[in-house]
Amino acid sequence: MSEEDEKRSPVSRLSKRRRANSPAGTKKRRDVWVTAEEEAALVAKAARQKVTVPNLLLSAALSESSETPTERRAAMAELMAIHTLLARVSNNVNQIARHANAGDEFPHDAKAALAYVREVAVRIDRTIEGLM
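To get the numbering used here, take the position in the sequence shown, counting from 1, and add 36.
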């Protein structure tokens, strides 16, 4: 056994093996047509994950945790909206800090700005949890 083989985890060595035969046998066969670029991407991704292309496709299709392109676009839009909100909030916080440092009385709307910061932070947490 080479040094590289010893570094691999037991899972990666087993991932290249065939799946166990199903007691009911194979019921259906699915053919998937892909372009040359898609084939190259599939082969590269399967190699990175140390699995076969059919295994990669099957595990991706049956995975409960995978997201659809629509869900991914929605999450990206949500993150962009949060980015805009944070830019606005940071501007408000800078204005409050400038006002407070000028020796004036602490602004009354500071509580509202800080509450808004907390609201944005909760929204960020929810978005991140949704992506996990």
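In this text, a Cβ means the ideal position worked out from N, Cα and C, and glycines have one as well.
### Task
Say whether the region 126–136 touches the region 111–118, bearing in mind that this needs 3 or more beta-carbon pairs closer than 8 Å, one atom from each stretch.
no
### Task
Under the assumption that Thr88 contacts Ala82 (Cβ atoms under 8 Å), give the Cβ distance between them as a whole number of angstroms.
For this step, residue 88 is matched to residue 52 along the sequence shown. For this step, residue 82 is matched to residue 46 along the sequence shown. Rounded, the Cβ-Cβ distance is 6 Å, consistent with contact.
### Query
Which two residues bound the contiguous alpha helix (DSSP H) that contains Thr90?
Stepping through the sequence shown from its first residue, residue 90 is reached at position 54. First, the amino acid is wrong: residue 90 is Pro here, not Thr. 89–98 is the span of the alpha helix (DSSP H), which, as asked, contains Pro90.
### Query
Which whole-angstrom value is the C-beta distance of Ile132 and Ala149, which I expect to be below 8 Å?
What you label residue 132 is simply residue 96 of the sequence shown in a count that begins at 1. What you label residue 149 is simply residue 113 of the sequence shown in a count that begins at 1. Their Cβ separation, rounded to whole angstroms, is 6 Å, which keeps Ile132 and Ala149 in contact under 8 Å.
### Task
Within the same chain, show all residues whose beta-carbon is closer than 8 Å to that of Arg162, passing over the 5 residues directly before and after it, in chain order.
Translated into positions along the sequence shown, residue 162 becomes position 126. Nothing meets the Cβ criterion.
### Query
Which of helix, strand or coil does DSSP assign to Asp161?
The residue given as residue 161 occupies position 125 in the sequence shown. In the three-state DSSP reduction, Asp161 falls in the helix class (H, G or I).
### Message
Only counting the same chain, and skipping five residues up and downstream in sequence, which positions put a Cβ closer than 8 Å to that of Arg44?
### Response
By 1-based counting over the sequence shown, the position of residue 44 is 8. No answer about Arg44 holds up, because its pLDDT of 49 lies below 50 and its placement is not dependable.
### Message
Rounded to whole angstroms, what is the Cα-Cα separation between Met112 and Val156?
### Response
As a first step, residue 112 must be located in the sequence shown, where it is residue number 76. As a first step, residue 156 must be located in the sequence shown, where it is residue number 120. One C-alpha to the other measures close to 16 Å.
### Separation of Gly139 from Gly166, as counted between CA atoms
Stepping through the sequence shown from its first residue, residue 166 is reached at position 130. Stepping through the sequence shown from its first residue, residue 139 is reached at position 103. If you take the alpha carbons of Gly166 and Gly139, they lie about 43 Å apart.
### Task
Please name the residue in Glu107, Arg159, Val153, Val68 whose C-alpha comes closest to that of Arg124.
The residue you call residue 124 lines up with position 88 of the sequence shown. For the residues Glu107, Arg159, Val153, Val68, the minimum Cα distance to Arg124 belongs to Val153.
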